[in-house]
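Chemist: Mind looking over this structure? Questions follow.
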Amino acid sequence: MINVPKGTKDMLPSESHKWQAIERAAKKVTSLYNVKQIRTPVFEHAELFLRSIGDSTDIVNKEMYIFEDKGGRKMALRPEGTAGVVRSVLENNICESVPQKLYYIESVYRYEQPQAGRYREHHQFGAEFFGSELPCFEIELLSMAHMFLREIGFNDLRLRINSIGCDKCRAEFNKALREFLASVNDKICGDCKRRAEQNPLRTLDCKVPSCREVYKAAPRLNDYLCDDCKAHHAQVLKGLDAAGIKYFADENLVRGLDYYTRTVFEFCDGDLAVLGGGRYDGLCEQLGGKHTPCVGFGCGIERLIAAAETRGIEFDDSAPKVFVAAQCDAARAECACLTEKLRAVGISAESDLMNKSLKAQFKYADRQGFLYVLTVGEGELQSGVFNVKRMADGSVTAFDRAALVDGIKRLVG
Ligand SMILES: [Zn+2]
Ligand SMILES: [Zn+2]
C-alpha cells in the first residue's frame, strides 16, 4: 500500500459538498463584482518567488518546494497565489487597460511541519485587483471578501486593519525599529534576532509571549506614517464605515510578506482569522513591469471549512432526486431508459448498475440519500401506471406513463 504524502490530505467524496459550496460562493460573488478567473501553473521559476515574496521570509528561506528540472532550471511549487498572477498579468499585458479584477482557486505548497490545520498542500481562494491607488479599491475588494464570507454563513465578522506605510515612511520606521531591537537584543527570541537583521517589521508579528511583552515599548509604525499614507488609511476606514463593515484598526497587524504597502488586513469571525491580504503597490515594478497599484486577498479553503465547522455552519449537500428501481430483470432496460429521460429534463437520477435485488436497491437509494424511488416491474410495464415513493415519509404518488416525466418534475420541484 502506498499512502498519501506526509502533510497532504485527500478531499474525500464525503467532504466534496463543502468544497463545492465554497467554490459556488466564490463564483457567485466574483461574478457580482465582475471579477474574472485566472489560472496559472502550479510551478514557476523559483526566481519569481525570491523576487516577490522576499528572500528574508520564512516562506522562501525554509518552506518552499524548490527543485531542478531535467533542463537544469531551478523551479518552485507556488507557495502563494499572488506572484504567479502578477507574473501572468505582466507577461500577457493584461493591465494595458485598468482596472483589472481577477480571482483564482488553486493549490499552494509549503514545506512545513504538519500540524492541526497546516498542510504542505493547501487550497486558496484569492483575488487580485490591479490598477487603482484610490482607497475605494480596498473597499471594493473588502466588500467582496465580506460578501463571500457572509455567503458561506459567517455572521460574526470583524476586520482587523492597519497601514504599514509606503517605502518612504517605512524606511524611517525601520531605522527606529532596528535601534530599538538592538537595545533589547538580549530579551528577544532567536527568530526575532534573525528577523531584526533581515526584516525588522516581521518581529512585531512574533507569537512568543516574552517578545510580545518587550515589543509593547517598540516604536509604533503609525507614528511614522507620512501624510499621504495617513490620509489614505483614514479614507479606507471611512469607506469601511460607509460600507457597513465592522473593523478594528489594529496597529499590531503586520503580514508575513514583504511586498505589502499601506493597507494590510485580516477578516476574523470571532477570534478565527479566515481571510487576509493587503495592498501591494510596488510588486509589479519589482517584477519588471510598470508601476501598477494593486490590492489582493487570499483565503485558505481548508482553514475556512474548519472555521465554519467550529461555528456550526452547515454546508448545502443537495441530495440526489430519483432512484429508478427495477423489480425484475425484464424491467431493467426500461429503468435505464426512464433514468436518462429524467436526467434530460434536469432531474438527478440513477438506476441499478449491480444487478441488485429490489430490496437491496431500496437500501442503496436510502443510503445515498435519494429523495424518491420510482419502481418499475411487470405490473407497471403492463398497466402503464407508475408509483413514485417519497423516501422521507413513504407517501406514494401514481402517474400514467405519458405524464410520468412531467409529473416527477413537478413532484421534485
Ligand atoms: Zn508613506
Ligand atoms: Zn520573537
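Per my numbering, the sequence shown starts with residue 3, numbered consecutively.
Idealized CB from N, CA, C, for every residue including glycine.
Cβ of CYS171 within 6 Å of any heavy atom in ligand 1?
Modeler: For ligand 1, at least one heavy atom lies less than 6 Å from the Cβ of CYS171.
Chemist: Where does GLY279 sit, in a helix, a strand or coil, going by DSSP?
Modeler: Strand.
Chemist: By the three-class DSSP mapping on this structure, what secondary structure does CYS296 have?
Modeler: Correct three-state label for CYS296: strand.
Chemist: Once you ignore the five residues that flank PHE156 on each side, which residues in its own chain have a CB closer than 6 Å to its CB?
Modeler: So the qualifying residues of the chain are ASP271.
Chemist: Would the beta-carbon of GLY167 be found less than 6 Å away from any heavy atom of ligand 1?
Modeler: The answer is yes for GLY167.
Chemist: Could you tell me if the beta carbon of VAL186 falls within a distance shorter than 6 Å of some heavy atom in ligand 2?
Modeler: Flag unset: Cβ of VAL186 not near ligand 2.
Chemist: With a threshold of 8 Å, are at least 3 pairs of Cβ atoms found where one atom belongs to the region 211 to 229 and the other to the region 123 to 132?
Modeler: The region 211 to 229, when compared against the region 123 to 132, does not touch it at the 8 Å Cβ threshold.
Chemist: Report the three-state DSSP secondary structure of THR10 (helix, strand or coil).
Modeler: Coil at THR10, not helix or strand.
Chemist: Along the chain, where does the beta strand (DSSP E) that runs through ILE107 open and close?
Modeler: Here the beta strand (DSSP E) through ILE107 covers 102 to 111.
Chemist: Do LEU285 and TYR261 count as a contact pair if the criterion is CB distance below 7 Å?
Modeler: It is a contact, given that the beta carbons lie within the stated cut-off.
Chemist: Once the 5 residues before and after LYS30 are set aside, which same chain residues still bring their CB inside 8 Å of it?
Modeler: Closer than 8 Å at the Cβ level, and outside the excluded window around LYS30, lie GLU153.
Chemist: Could you check the C-alpha separation between GLN329 and ILE68 for me, to the nearest Å?
Modeler: Rounded to the nearest angstrom, the two C-alpha atoms are 59 Å apart.
Chemist: Spell out a yes or no on whether the region 84 to 94 and the region 46 to 55 are touching, meaning 3 or more CB-CB pairs, one atom from each, closer than 8 Å.
Modeler: Result yes; three or more Cβ-Cβ pairs closer than 8 Å.
Chemist: Please list the segments of the alpha helix (DSSP H) lying wholly inside the region 54 to 140, counting only runs of 4 or more residues, in order along the chain.
Modeler: 84 to 93, all fully within the region 54 to 140.
Chemist: I'd like to know if the region 334 to 345 and the region 169 to 179 are in contact, where contact means that at least 3 CB-CB pairs between them fall below 8 Å.
Modeler: No, they do not touch.
Chemist: I need the straight-line Cα distance from GLY279 to MET13, nearest angstrom please.
Modeler: Their backbone Cα atoms lie some 26 Å apart in a straight line.
Chemist: Looking only at C-alpha atoms, which of GLU25, GLU70, THR10 sits nearest to GLN117?
Modeler: Considering only alpha carbons, the answer is THR10.
Chemist: Between which two residues does the beta strand (DSSP E) carrying GLU352 extend?
Modeler: Start and end: 351 to 353.
Chemist: Residues in the same chain with beta-carbon distance under 6 Å from ALA338, minus the five sequence neighbours each way, listed in chain order, please.
Modeler: Here the set comprises SER353.
Chemist: Closest to VAL378 by C-alpha separation, out of GLN370, ARG257, ASP368, LYS391, would be which residue?
Modeler: Of GLN370, ARG257, ASP368, LYS391, the residue nearest in Cα terms is LYS391.
Chemist: Report back the beta-carbon spacing between VAL426 and LEU203 to the nearest angstrom; my notes put them in contact at under 8 Å.
Modeler: The chain is shown from 3 up to 415; residue 426 falls before or after that span and cannot be answered.
Chemist: Applying the criterion that 16 or more other CB atoms from any shown protein chain within 10 Å of the CB defines a buried residue, is GLY290 buried or exposed?
Modeler: Per the 10 Å Cβ criterion, exposed.
Chemist: Taking 7 Å as the cut-off, decide whether the C-beta atoms of ALA78 and TYR105 are in contact.
Modeler: Contact: no.
Chemist: Could you pull the start and end residues of the beta strand (DSSP E) that LEU159 belongs to?
Modeler: Per DSSP, LEU159 belongs to the beta strand (DSSP E) from 159 to 165.
Chemist: With distances taken between CB atoms, is the gap from ALA400 to GLN363 smaller than 7 Å?
Modeler: Against a cut-off of 7 Å, the Cβ pair of GLN363 and ALA400 comes out as no contact.
Chemist: Quick check on the burial criterion: 16 or more other C-beta atoms within 10 angstroms. Buried or exposed for ASP283?
Modeler: Label assigned to ASP283: buried.
Chemist: At the level of alpha carbons, what is the spacing between GLU298 and SER134?
Modeler: In the sequence under discussion, the amino acid at residue 298 is Gly, which differs from the Glu named in the question. Roughly 12 Å between the two C-alpha positions.
Chemist: For the alpha helix (DSSP H) that contains LEU206, what are its first and last residues?
Modeler: It is not in any alpha helix (DSSP H) - LEU206 carries neither H nor E in the DSSP assignment.
Chemist: Given a cut-off of 7 Å, decide if ASP252 and ASN164 are closer than it, judged by their beta-carbon atoms.
Modeler: Yes. Within cutoff.
Chemist: Expressed to the nearest angstrom, what Euclidean distance is found between the alpha-carbon atoms of GLU380 and LEU159?
Modeler: Their backbone Cα atoms lie some 59 Å apart in a straight line.
Chemist: Secondary structure at ALA251, three-state DSSP: helix, strand or coil?
Modeler: It is a strand residue.
Chemist: What residues in its chain sit with their C-beta under 8 Å from that of VAL451, if we drop five residues either side in the sequence?
Modeler: Since the first residue of the chain shown is 3 and the last is 415, residue 451 is not available in this structure.
Chemist: Which residues in the same chain as MET393 place their Cβ atom closer than 8 Å to its Cβ, once the five residues preceding and following it in sequence are excluded?
Modeler: Within the same chain, MET393 has close Cβ partners ALA367, ASP368, PHE372, LEU373, TYR374, VAL375.
Chemist: Skipping 5 residues on each side, what residues in its chain have a beta carbon closer than 6 Å to that of LYS189?
Modeler: Once the five neighbours on either side are set aside, the close Cβ partners of LYS189 are VAL216.
Chemist: Does the beta-carbon distance from CYS213 to CYS194 come in below 7 Å?
Modeler: Result yes, Cβ atoms of CYS213 and CYS194 sit closer than 7 Å.
Chemist: Identify which residue in ILE303, SER33, ARG75, GLY241 has its Cα closest to the Cα of GLU46.
Modeler: Per the Cα distances, ARG75.
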